[in-house]
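**Student:**
There are 4 protein chains.
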Amino acid sequence: MNECSFIVRSNGSKRRSIINGKGKSNNKYNRILEAAVKVFAKKGFYQATISQIAKEAGVADGTIYLYFKNKDDILIQFFTYKTRQVFDLFRQEVDNAQNAAEKLRNLIRCHLAEFQRDRNMAIVYQAVTRQNDQLVRNEIREMTKLYLDIVAEIVEQGQAEGTIRKNLYLSLVKRFILGAVDEVINTWLRSGGKYDLVSMADPLIDLFIRGIGNPENSSNSQ
Amino acid sequence: MNECSFIVRSNGSKRRSIINGKGKSNNKYNRILEAAVKVFAKKGFYQATISQIAKEAGVADGTIYLYFKNKDDILIQFFTYKTRQVFDLFRQEVDNAQNAAEKLRNLIRCHLAEFQRDRNMAIVYQAVTRQNDQLVRNEIREMTKLYLDIVAEIVEQGQAEGTIRKNLYLSLVKRFILGAVDEVINTWLRSGGKYDLVSMADPLIDLFIRGIGNPENSSNSQ
Amino acid sequence: MNECSFIVRSNGSKRRSIINGKGKSNNKYNRILEAAVKVFAKKGFYQATISQIAKEAGVADGTIYLYFKNKDDILIQFFTYKTRQVFDLFRQEVDNAQNAAEKLRNLIRCHLAEFQRDRNMAIVYQAVTRQNDQLVRNEIREMTKLYLDIVAEIVEQGQAEGTIRKNLYLSLVKRFILGAVDEVINTWLRSGGKYDLVSMADPLIDLFIRGIGNPENSSNSQ
Amino acid sequence: MNECSFIVRSNGSKRRSIINGKGKSNNKYNRILEAAVKVFAKKGFYQATISQIAKEAGVADGTIYLYFKNKDDILIQFFTYKTRQVFDLFRQEVDNAQNAAEKLRNLIRCHLAEFQRDRNMAIVYQAVTRQNDQLVRNEIREMTKLYLDIVAEIVEQGQAEGTIRKNLYLSLVKRFILGAVDEVINTWLRSGGKYDLVSMADPLIDLFIRGIGNPENSSNSQ
DNA sequence: AATGAATGAGCGTTCATTCAT
DNA sequence: GATGAATGAACGCTCATTCAT
Numbered sequence: 047m048n049e050c051s052f053i054v055r056s057n058g059s060k061r062r063s064i065i066n067g068k069g070k071s072n073n074k075y076n077r078i079l080e081a082a083v084k085v086f087a088k089k090g091f092y093q094a095t096i097s098q099i100a101k102e103a104g105v106a107d108g109t110i111y112l113y114f115k116n117k118d119d120i121l122i123q124f125f126t127y128k129t130r131q132v133f134d135l136f137r138q139e140v141d142n143a144q145n146a147a148e149k150l151r152n153l154i155r156c157h158l159a160e161f162q163r164d165r166n167m168a169i170v171y172q173a174v175t176r177q178n179d180q181l182v183r184n185e186i187r188e189m190t191k192l193y194l195d196i197v198a199e200i201v202e203q204g205q206a207e208g209t210i211r212k213n214l215y216l217s218l219v220k221r222f223i224l225g226a227v228d229e230v231i232n233t234w235l236r237s238g239g240k241y242d243l244v245s246m247a248d249p250l251i252d253l254f255i256r257g258i259g260n261p262e263n264s265s266n267s268q
Numbered sequence: 047m048n049e050c051s052f053i054v055r056s057n058g059s060k061r062r063s064i065i066n067g068k069g070k071s072n073n074k075y076n077r078i079l080e081a082a083v084k085v086f087a088k089k090g091f092y093q094a095t096i097s098q099i100a101k102e103a104g105v106a107d108g109t110i111y112l113y114f115k116n117k118d119d120i121l122i123q124f125f126t127y128k129t130r131q132v133f134d135l136f137r138q139e140v141d142n143a144q145n146a147a148e149k150l151r152n153l154i155r156c157h158l159a160e161f162q163r164d165r166n167m168a169i170v171y172q173a174v175t176r177q178n179d180q181l182v183r184n185e186i187r188e189m190t191k192l193y194l195d196i197v198a199e200i201v202e203q204g205q206a207e208g209t210i211r212k213n214l215y216l217s218l219v220k221r222f223i224l225g226a227v228d229e230v231i232n233t234w235l236r237s238g239g240k241y242d243l244v245s246m247a248d249p250l251i252d253l254f255i256r257g258i259g260n261p262e263n264s265s266n267s268q
Numbered sequence: 047m048n049e050c051s052f053i054v055r056s057n058g059s060k061r062r063s064i065i066n067g068k069g070k071s072n073n074k075y076n077r078i079l080e081a082a083v084k085v086f087a088k089k090g091f092y093q094a095t096i097s098q099i100a101k102e103a104g105v106a107d108g109t110i111y112l113y114f115k116n117k118d119d120i121l122i123q124f125f126t127y128k129t130r131q132v133f134d135l136f137r138q139e140v141d142n143a144q145n146a147a148e149k150l151r152n153l154i155r156c157h158l159a160e161f162q163r164d165r166n167m168a169i170v171y172q173a174v175t176r177q178n179d180q181l182v183r184n185e186i187r188e189m190t191k192l193y194l195d196i197v198a199e200i201v202e203q204g205q206a207e208g209t210i211r212k213n214l215y216l217s218l219v220k221r222f223i224l225g226a227v228d229e230v231i232n233t234w235l236r237s238g239g240k241y242d243l244v245s246m247a248d249p250l251i252d253l254f255i256r257g258i259g260n261p262e263n264s265s266n267s268q
Numbered sequence: 047m048n049e050c051s052f053i054v055r056s057n058g059s060k061r062r063s064i065i066n067g068k069g070k071s072n073n074k075y076n077r078i079l080e081a082a083v084k085v086f087a088k089k090g091f092y093q094a095t096i097s098q099i100a101k102e103a104g105v106a107d108g109t110i111y112l113y114f115k116n117k118d119d120i121l122i123q124f125f126t127y128k129t130r131q132v133f134d135l136f137r138q139e140v141d142n143a144q145n146a147a148e149k150l151r152n153l154i155r156c157h158l159a160e161f162q163r164d165r166n167m168a169i170v171y172q173a174v175t176r177q178n179d180q181l182v183r184n185e186i187r188e189m190t191k192l193y194l195d196i197v198a199e200i201v202e203q204g205q206a207e208g209t210i211r212k213n214l215y216l217s218l219v220k221r222f223i224l225g226a227v228d229e230v231i232n233t234w235l236r237s238g239g240k241y242d243l244v245s246m247a248d249p250l251i252d253l254f255i256r257g258i259g260n261p262e263n264s265s266n267s268q
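Residue numbers (the numbering used here), protein chains in the order written: chain A, 47 to 268; chain B, 47 to 268; chain C, 47 to 268; chain D, 47 to 268.
(1) Mind pulling the alpha helix (DSSP H) runs of 4 or more residues that sit fully within the stretch 67–127 of chain A?
(2) Can you tell me where the alpha helix (DSSP H) with valine 227 (chain A) in it begins and where it stops?
(3) List the residues of chain A that glutamine 177 (chain B) touches, going by C-beta distances under 7 Å, in chain order.
(4) Output needed in chain order: residues of the stretch 226–245 of chain B with a Cβ under 8 Å from some Cβ in chain A.
(5) Is there at least one Cβ from chain B nearer than 8 Å to threonine 129 (chain A)'s Cβ?
(6) Which whole-angstrom value is the C-beta distance of leucine 243 (chain A) and phenylalanine 161 (chain A), which I expect to be below 8 Å?
(7) Taking the continuous alpha helix (DSSP H) assigned at threonine 209 (chain A), which residues delimit it?
(8) Nearest by alpha-carbon distance to asparagine 145 (chain A): which of A:Ile223, A:Tyr171, A:Val201 and A:Asn263 is it?
(9) Give the secondary structure of glycine 204 (chain D) by DSSP, where H, G and I count as helix, E and B as strand, and everything else as coil.
(10) Taking the DSSP output, what are the residues bridged to glycine 257 (chain C)?
(11) Given this structure, state the Cα-to-Cα distance separating asparagine 166 (chain D) from leucine 235 (chain D), to the nearest angstrom.
(12) Does leucine 192 (chain C) come out as helix, strand or coil in the three-state DSSP assignment?
(13) Within its chain, find whatever has a CB closer than 6 Å to the CB of glutamine 98 (chain B); leave out the 5 residues flanking it on each side and keep chain order.
(14) Kindly say whether asparagine 260 (chain D), judged by its beta-carbon, lies nearer than 8 Å to any beta-carbon of chain C.
(15) If you follow the alpha helix (DSSP H) that lysine 149 (chain A) is part of, which residue opens it and which one closes it?
(16) My understanding is that leucine 79 (chain B) touches phenylalanine 124 (chain B), with C-beta atoms under 8 Å, so please give their C-beta distance in whole angstroms.
(17) Check whether chain A comes within 8 Å of valine 201 (chain B), counting only Cβ atoms and requiring the distance to be less than that.
(18) Our contact map puts valine 140 (chain D) next to leucine 158 (chain D) with C-beta atoms below 8 Å; I'd like the distance itself, whole angstroms only.
(19) Strictly below 7 Å CB to CB, what residues from chain D border alanine 87 (chain C)?
(20) With a cut-off of 8 Å, does the C-beta of valine 83 (chain C) fall near any C-beta of chain D?
(21) What does glutamine 93 (chain C) reach in chain D if we use C-beta pairs closer than 9 Å?
(22) Does chain C have any CB closer than 8 Å to the CB of isoleucine 99 (chain D)?
(23) Counting pairs of Cβ atoms below 8 Å between the stretch 200–215 of chain D and the stretch 103–119 of chain D, do you hit three or more?
(24) Please state whether the Cβ-Cβ distance between leucine 121 (chain C) and valine 182 (chain C) is less than 8 Å.
(25) Does any C-beta atom of chain A lie closer than 8 Å to the C-beta of tyrosine 299 (chain B)?
(26) Measuring alpha carbon to alpha carbon, tell me which residue in C:Val174, C:Arg151 and C:Gly204 is nearest isoleucine 251 (chain C).
(27) Could you tell me whether the Cβ of isoleucine 154 (chain D) comes closer than 8 Å to any Cβ of chain C?
(28) Measuring only the C-alpha atoms, how far is asparagine 184 (chain B) from glycine 238 (chain A)?
(29) Can a CB atom of chain D be found closer than 8 Å to the CB of isoleucine 169 (chain C)?
(30) What three-state label does DSSP hand tyrosine 241 (chain D) in the structure shown?
(31) Would you say the beta carbon of tyrosine 241 (chain C) comes nearer than 7 Å to a heavy atom of the ligand HEM?
(32) Between alanine 282 (chain B) and the rest of its own chain, which residues show a CB-CB distance below 7 Å, the 5 nearest in sequence each way excluded?
(33) Go through its chain and collect everything with a Cβ distance to methionine 246 (chain C)'s Cβ below 7 Å, but skip five positions before and after it.
(34) Does DSSP classify aspartate 248 (chain B) as helix, strand or coil?
(35) Counting C-beta neighbours from all protein chains within 10 Å, is the total for lysine 70 (chain D) 16 or more, i.e. buried, or is it exposed?
(36) When burial is assigned at 16 or more other CB atoms within 10 Å of the CB, is leucine 216 (chain A) buried or exposed?
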């Protein structure tokens, strides 16, 4: 099963405490980070102001600088710690499954579930990964690679198992899958998150595996 | 054939003249728009300054306000007129083809070709379409719809032809295709545009049609 | 004669125009610089605010940044151009005289006259030259050297002429003269500039030349 | 002899205890004051922060406010108590000598010795006494007066003894001496304190007494 | 007494926009 | 039409000071 959102929710804040090593006052660190992501989601990074974040977090402007070096650092921390957790979770979910099909299903379900659970993260993530911005370029590259590597592993395992065909342009397949999932999330966000995102997982996987072609039509076979 | 970039190049400025209806000094309007897109691509919309755009266009700061209401308006015009052209072109390319497979191939090739040809447009387009920004939300929605409608048409035609299977979740299929193409472009941009983007079209279409599954494996068939 | 202040006043602003090369709008450059020196004099560099300077100059805050790179730059320009003028003037005055005694008298009179004429400059100069501050350290060092070199020349010429005794620790003599003049100015500034500073020149020179010792007292001679 | 620094060192802390009247935890008061002077010397008063001082003193930021009313008060206490000690010492040294020449020599030697011994004090003293600052204006005026009065006494005694000539502009002579000593210290500080400052005392006194003029030259006599 | 997290007023600086020339 | 100097609101950030523990 892939009830990954439960796992995260149960010890999310605790994990952050450990990562950050600030102990008790870590509450405020998280409150600010959460508030920042909320404001970034609403306004965009450059349109968000420290005052707005401070107000949202219920602290004074100056307090933010006790926990973050500067405005940029808030976004960097978001990627370094918060988003990282999610991607680590993806790996766990994949490792919990046996065969390629199950792995792919766990990955995509977990992906959709986590982004559905934390919409603000999803919005910021979407925005920043398409920005031509030096700010978190490295963090994004690293995280994207992490994801693509998982997909590559799954595909290779599937090829070994015989469930995935062999003549594939692997680096394209990785993008093909990530891009489609990403766009499904993007559409969901733009719709205002009205419907259940996770329910998209199975139809999407079906498209990945079987494509849209009619197998009975001879011109689609090689 | 789909030498769509040639078509655009041949009468691009003329079309803009007509759209803009400024006739004579329309040269400057276009110079500013081109310069703006270049600067937006490099710095991002909010990090770009009017001064930088003016300098790039070789005009005075104040001159920009003779052609555009304000900074936001530059981006809006970019979407309303410039990007619109490209999407109109997609439609032409699709209409030039007969069957669904050919239409899809023309669409994707033209999409990749145009974005490869005008990298600055591609960068700005990528950035803005993932931004949670009121600014050009309507323009983007409209343009995305235009694209998705084309895809829907193609899929439906393919289903009528028997080349595309029937049991498909159409609105998901549209995202599936747009998302994958988008991500392929995104990856290309992040790589610095080193390789030929159009060459990705055929392998990508193959993935759309046949999926990654091994058709000889019984568990992949319905 | 050493009516050096007349000379400066007559073409001061013109010279700045040339130096700055800004032509007509140079008026504002000078207004800001003058205003800044006034505010620096009253509040001290770090306590002065851009707003105060702008208000004093009768311009908007932002206007200052059209003429100066930043706050530091205002002080640097003050030293590089404005104060430099004064020291160049000292050299002129000295060169106008023939013998060492006359040169020394011209130097000190001009020094006192200029600092009396432009009290704000005097205050800022006094403050900054005693600050342990990297900001204008080089400018000060250069300017001090310029002054000390003049004194050294005078002393050496006096020794050649036979009017100044030979067994002198030259580098100490330079400080001895500069320090005394400086302190006389400092006292005058602290008194609120109530009395005529130039009238101190002759008694001061008398002290430099003859010292305070009673020459008839044998224990004072070597 | 004028081993004034020895005297201070031997009962310095005890005296401070008495002055402060805090007895027991007076250690911390002194540690903070010493730390503050060190930081002021390095950064300047307005560039120094309470945090830096607290860190240097090894106490918490808030602790400083148990011993000082505010940041300004630290500087005021420095002048009221710490620097005052040094000037009291000058008086002692002068009182220990018999004739004017010896008194002047003791004063200047002690002055140079003390400022050489405590460079941070010297730096702060130099900076603040040339600042046009309300903050410690009274303290400086008082202390300067104390010094000038000593010089005045010495000169008057010398005149009575016949070792110092009578036709002197006394208030100018005082500045003349203080200024020259001050500048010698200033130069030493700017050089980085590389050489022995006290060795400047005798050549400097020689300049005070005999001046730079050649007594054999008739134009130098009155 | 001692701490140091929290505060928020205040500053330097930027930049979209205006308007006199 | 074209200019670019001038504007001033707005923002990121600092740091003296307070106060609950």
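Virtual Cβ for every residue (Gly too), placed ideally from N, Cα, C.
**Tutor:** To lay it out plainly:
(1) List check, alpha helix (DSSP H) in window: 72–89, 96–103, 107–113 and 117–123.
(2) Counted from its first residue, the first sequence places residue 227 (chain A) at position 181. That run of the alpha helix (DSSP H) goes 216–236.
(3) As a position in the second sequence, residue 177 (chain B) is number 131, starting the count at 1. Per Cβ cutoff of 7 Å: Gly90 and Ala173.
(4) Correct list: Ala226, Val227, Asp228, Glu229, Val230, Asn232, Thr233, Leu235 and Arg236.
(5) Walking along the first sequence from the start, residue 129 (chain A) turns up at place 83. Answer no: the Cβ-Cβ gap between threonine 129 (chain A) and chain B never drops below 8 Å.
(6) Residue 243 (chain A) sits at position 197 when you count from the first residue of the first sequence. Residue 161 (chain A) sits at position 115 when you count from the first residue of the first sequence. So it is a contact: roughly 7 Å between Cβ atoms.
(7) Here residue 209 (chain A) corresponds to residue number 163 of the first sequence, with the count starting at 1. Judged by DSSP secondary structure, threonine 209 (chain A) falls outside any alpha helix (DSSP H); it is assigned neither H nor E.
(8) Your numbering for residue 145 (chain A) matches position 99 in the first sequence. Considering only alpha carbons, the answer is A:Val201.
(9) Walking along the fourth sequence from the start, residue 204 (chain D) turns up at place 158. Glycine 204 (chain D) falls in the helix class under three-state DSSP.
(10) Here residue 257 (chain C) refers to the residue found at position 211 of the third sequence. Glycine 257 (chain C) is not bridged to any residue.
(11) One-based indexing of the fourth sequence puts residue 166 (chain D) at position 120. One-based indexing of the fourth sequence puts residue 235 (chain D) at position 189. Taking the straight line joining both Cα atoms gives about 10 Å.
(12) Against the third sequence, residue 192 (chain C) aligns to sequence position 146. Leucine 192 (chain C) falls in the helix class under three-state DSSP.
(13) Here residue 98 (chain B) refers to the residue found at position 52 when the second sequence is read from its first residue. If we look at glutamine 98 (chain B) and ignore the five residues flanking it on each side, its Cβ neighbours are Val85.
(14) Here residue 260 (chain D) corresponds to residue number 214 of the fourth sequence, with the count starting at 1. Yes, contact with chain C.
(15) For this step, residue 149 (chain A) is matched to residue 103 along the first sequence. Run containing lysine 149 (chain A): 146–163, per the alpha helix (DSSP H) assignment.
(16) Indexing the second sequence from 1 puts residue 79 (chain B) at position 33. Indexing the second sequence from 1 puts residue 124 (chain B) at position 78. Their Cβ separation, rounded to whole angstroms, is 6 Å, which keeps leucine 79 (chain B) and phenylalanine 124 (chain B) in contact under 8 Å.
(17) On the second sequence, residue 201 (chain B) is found 155 positions in, with the first residue counted as 1. At a cut-off of 8 Å between beta carbons, valine 201 (chain B) contacts chain A.
(18) Counted from its first residue, the fourth sequence places residue 140 (chain D) at position 94. Counted from its first residue, the fourth sequence places residue 158 (chain D) at position 112. Not really, about 14 Å apart at Cβ, beyond 8 Å.
(19) The residue you call residue 87 (chain C) lines up with position 41 of the third sequence. Chain-ordered, the chain D residues with CB closer than 7 Å to the CB of alanine 87 (chain C) read Asn178.
(20) Against the third sequence, residue 83 (chain C) aligns to sequence position 37. Chain D contact via Cβ: absent.
(21) Taking the third sequence and counting its residues from 1, the one referred to as residue 93 (chain C) is at position 47. Within chain D, the C-beta atoms nearer than 9 Å to that of glutamine 93 (chain C) come from Tyr92 and Asp179, in chain order.
(22) On the fourth sequence, residue 99 (chain D) is found 53 positions in, with the first residue counted as 1. Cβ-Cβ to chain C under 8 Å: no for isoleucine 99 (chain D).
(23) With fewer than three CB-CB distances shorter than 8 Å, the stretch 200–215 of chain D does not count as touching the stretch 103–119 of chain D.
(24) Translated into the one-based positions of the third sequence, residue 121 (chain C) becomes position 75. Translated into the one-based positions of the third sequence, residue 182 (chain C) becomes position 136. In this structure, valine 182 (chain C) lies closer than 8 Å to leucine 121 (chain C) by Cβ.
(25) Look at the range of chain B in this structure, 47 to 268, and you will see that residue 299 (chain B) is not part of it.
(26) As a working note, residue 251 (chain C) is residue 205 in the third sequence. Residue C:Arg151 is the option with its Cα nearest to isoleucine 251 (chain C).
(27) One-based indexing of the fourth sequence puts residue 154 (chain D) at position 108. By this cut-off, isoleucine 154 (chain D) is not an interface position.
(28) By 1-based counting over the second sequence, the position of residue 184 (chain B) is 138. By 1-based counting over the first sequence, the position of residue 238 (chain A) is 192. Their backbone Cα atoms lie some 14 Å apart in a straight line.
(29) Position 123 of the third sequence, counted from the first residue, corresponds to residue 169 (chain C). Yes, contact with chain D.
(30) The sequence position of residue 241 (chain D) within the fourth sequence is 195, counting from 1. Three-state result, tyrosine 241 (chain D): coil.
(31) Of the ligands one can find in the structure shown there are none, so the ligand HEM has no counterpart to examine.
(32) This structure leaves residue 282 (chain B) out entirely; chain B is present only between 47 and 268.
(33) Residue numbering aside, residue 246 (chain C) sits at position 200 when the third sequence is read from its first letter. Counting only Cβ-Cβ distances below 7 Å, and skipping sequence neighbours, we find Leu158 and Val230.
(34) As a first step, residue 248 (chain B) must be located in the second sequence, where it is residue number 202. Reduced to three states, the DSSP call for aspartate 248 (chain B) is helix.
(35) Here residue 70 (chain D) refers to the residue found at position 24 of the fourth sequence. Unreliable placement is indicated for lysine 70 (chain D), whose pLDDT of 46 sits below 50; the coordinate value is still reported in the next sentence. Under this definition lysine 70 (chain D) is an exposed residue.
(36) By one-based count along the first sequence, residue 216 (chain A) stands at place 170. Exposed: under 16 other Cβ atoms inside 10 Å.
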